[in-house]
Amino acid sequence: MKEVGDGIIRLTFALPLGIDHVHCYALRAASGAWTIVDTGLGVDDAGERWQTALQALDAPVERIVVTHFHPDHVGAASVLANLTGASVYQGTIDFAQCERAWGSGRSAERLAEHMRKHGLPAEETDALRMESDALASLVHYVPNPEPLEPGDRIDRWEVIHLPGHADGHLCLLHEGILIAGDALLAGISPNVGLYPEARPDPLGDYLDSLARIVELAPRIAYAGHRETIDDPPGRARELLAHHRERLEQTRAALRRAPRSAYDVSLGLFPEPLGPPLRRFALAESCAHLEYLALRNDISRLAADGVVTYANAL
Ligand SMILES: [Zn+2]
Numbered sequence: 000m001k002e003v004g005d006g007i008i009r010l011t012f013a014l015p016l017g018i019d020h021v022h023c024y025a026l027r028a029a030s031g032a033w034t035i036v037d038t039g040l041g042v043d044d045a046g047e048r049w050q051t052a053l054q055a056l057d058a059p060v061e062r063i064v065v066t067h068f069h070p071d072h073v074g075a076a077s078v079l080a081n082l083t084g085a086s087v088y089q090g091t092i093d094f095a096q097c098e099r100a101w102g103s104g105r106s107a108e109r110l111a112e113h114m115r116k117h118g119l120p121a122e123e124t125d126a127l128r129m130e131s132d133a134l135a136s137l138v139h140y141v142p143n144p145e146p147l148e149p150g151d152r153i154d155r156w157e158v159i160h161l162p163g164h165a166d167g168h169l170c171l172l173h174e175g176i177l178i179a180g181d182a183l184l185a186g187i188s189p190n191v192g193l194y195p196e197a198r199p200d201p202l203g204d205y206l207d208s209l210a211r212i213v214e215l216a217p218r219i220a221y222a223g224h225r226e227t228i229d230d231p232p233g234r235a236r237e238l239l240a241h242h243r244e245r246l247e248q249t250r251a252a253l254r255r256a257p258r259s260a261y262d263v264s265l266g267l268f269p270e271p272l273g274p275p276l277r278r279f280a281l282a283e284s285c286a287h288l289e290y291l292a293l294r295n296d297i298s299r300l301a302a303d304g305v306v307t308y309a310n311a312l
C-alpha cells in the first residue's frame with residue numbers, strides 16, 4: 000500500500016490474469032473514515048488480503064464503490080462488505096450488467112455464440128466456456144448495492160459516467176483528481192470490446208469518454224492498473240489517436256475481400272496471444288468494425304451464420 004496523494008492510498012493486489020495486478024484505492028472521507036474504490040478479484044484468500052490491508056488503515060471503511068463489473072474490480076465486493084460492514088455502491092447500468100454477466104442468468108453459451116458468429120474457431124469456443132465458468136467462480140458481487148447515477152456525490156467526489164471499457168463504467172472526480180478505474184490507463188489501451196447484451200457501439204462510447212476527459216481536464220488520474228497518469232488529457236488524446244489509426248487499419252483490412260472480425264483481428268493483433276487475450280482482440284476488432292458499420296463506412300454481411308464485413312463501395 001502506498002500513499003499516492005493527499006488522503007489517497009493505493010492498495011495493489013496480485014492477479015492471476017492476463018494482467019498481473021489491480022489497484023484499489025482508499026479515499027479519506029470528510030468524516031475521517033475511508034471510502035474504498037474497487038475490490039480486486041474474489042480469489043480464495045481475498046479475505047486475508049483485505050484483512051491485512053484494513054489493519055494498515057487508521058480508520059474504519061465507511062463505504063465501498065465499484066467502478067465497473069469486471070472480475071478484477073467487483074470480484075471481492077461481498078468479501079470486503081462482510082469484513083467492514085460497509086455498504087457497496089455500484090452504478091445502476093453497471094449492476095444490471097453485472098447480474099447478466101455473473102448472476103444466475105449467466106450463460107457462457109451466449110458469449111460463445113457471439114464469438115462464434117464473429118468467426119472464432121469452434122475449438123476455441125470450448126476453452127471459452129470453461130474459462131468463463133472458472134472466472135465466474137471468482138466473482139462475489141453484492142446482490143443489493145446502493146445505486147449510483149452519474150452526477151451523484153460520494154462524499155466530496157462527483158460520480159462521472161465514462162463508458163466504453165464497460166457500459167456503466169463510473170469514475171470519481173474532485174478538484175482535478177480523477178479516480179479512473181479502467182477508463183484511462185497508462186501504457187496500455189483499455190480493452191473496448193463488443194459483447195452480447197451490451198451497448199451496440201462501445202468504441203463510439205469510448206471515443207466520447209476520451210473527449211470528455213480532455214474537456215474535464217483532470218490534472219492527475221489514479222487508474223485500476225499500471226502507473227498514475229500525470230497528464231490525463233494528454234493520455235486521452237494519445238488513445239484517441241490510437242483508435243483513429245486502428246479504424247484506418249480496420250478499413251484497410253477489408254480492401255481485398257469481405258472478412259470476419261476474427262480474420263481482421265489476426266491482422267490487427269498479429270502477436271501470439273493466449274486464448275483469453277485472443278478473445279479480447281476479437282471483441283475489440285468487433286467494436287472497431289461495428290463503429291464503422293454503424294456509420295455506413297463499411298457494410299455488415301451475414302452468411303452461413305458468420306458475420307463478415309465489407310467495404311461499402
Ligand atoms: Zn481492470
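Under numbering that gives the first Met the number 0, residues 0 to 312 are what the sequence shown spells out, in order.
Cβ atoms here follow ideal geometry from the backbone N, Cα and C, with glycine treated the same way.
Spatial neighbours of Asn295 in its own chain (CB-CB distance under 8 Å, excluding positions within 5 residues in sequence) are listed in chain order as Ala311. Proximity to ligand 1 was defined by a C-beta distance below 5 Å to any of its heavy atoms, and the residues meeting it, in sequence along the chain, are Asp71, Asp181, Gly223.
Excluding five sequence positions before and after Arg155, the CB atoms of its chain that fall closer than 6 Å to its own CB belong to His173, given in chain order.
Contact between the segment 289 to 303 and the segment 208 to 227 is absent: fewer than 3 CB-CB pairs across the two stretches fall below 8 Å.
Going by beta carbons, His117 and Ala260 fall inside the 8 Å limit. The DSSP-derived three-state label of Ala256 is coil. The Cβ atoms of Leu169 and Ile159 sit closer than 8 Å to each other.
Between Val21 and His224, the gap from beta carbon to beta carbon is short of 8 Å.
Shown here, Asn310 sits in a strand according to DSSP, grouped into three states. Per DSSP, Phe12 lies in no alpha helix (DSSP H) segment; the continuous beta strand (DSSP E) that holds it begins and ends at 7 to 13. Separation of Cys97 and Asp151 (C-alpha to C-alpha, rounded to the nearest whole angstrom) is 20 Å. In this model, Glu226 and Ala185 are separated by some 6 Å (Cα to Cα). In the DSSP assignment, Tyr88 falls outside any alpha helix (DSSP H) and lies within the beta strand (DSSP E) extending over 86 to 90. Gly31 is positioned such that its CB atom lies no closer than 8 Å to that of Ile176.
Taking C-beta atoms under 8 Å as the contact rule, Gly74 and Leu171 fail to qualify, at a distance of about 20 Å. Bounds of the beta strand (DSSP E) holding Ile35 are 33 to 36. Scanning Leu202, Leu272, Leu14 for the CA closest to the CA of Glu123 turns up Leu272.
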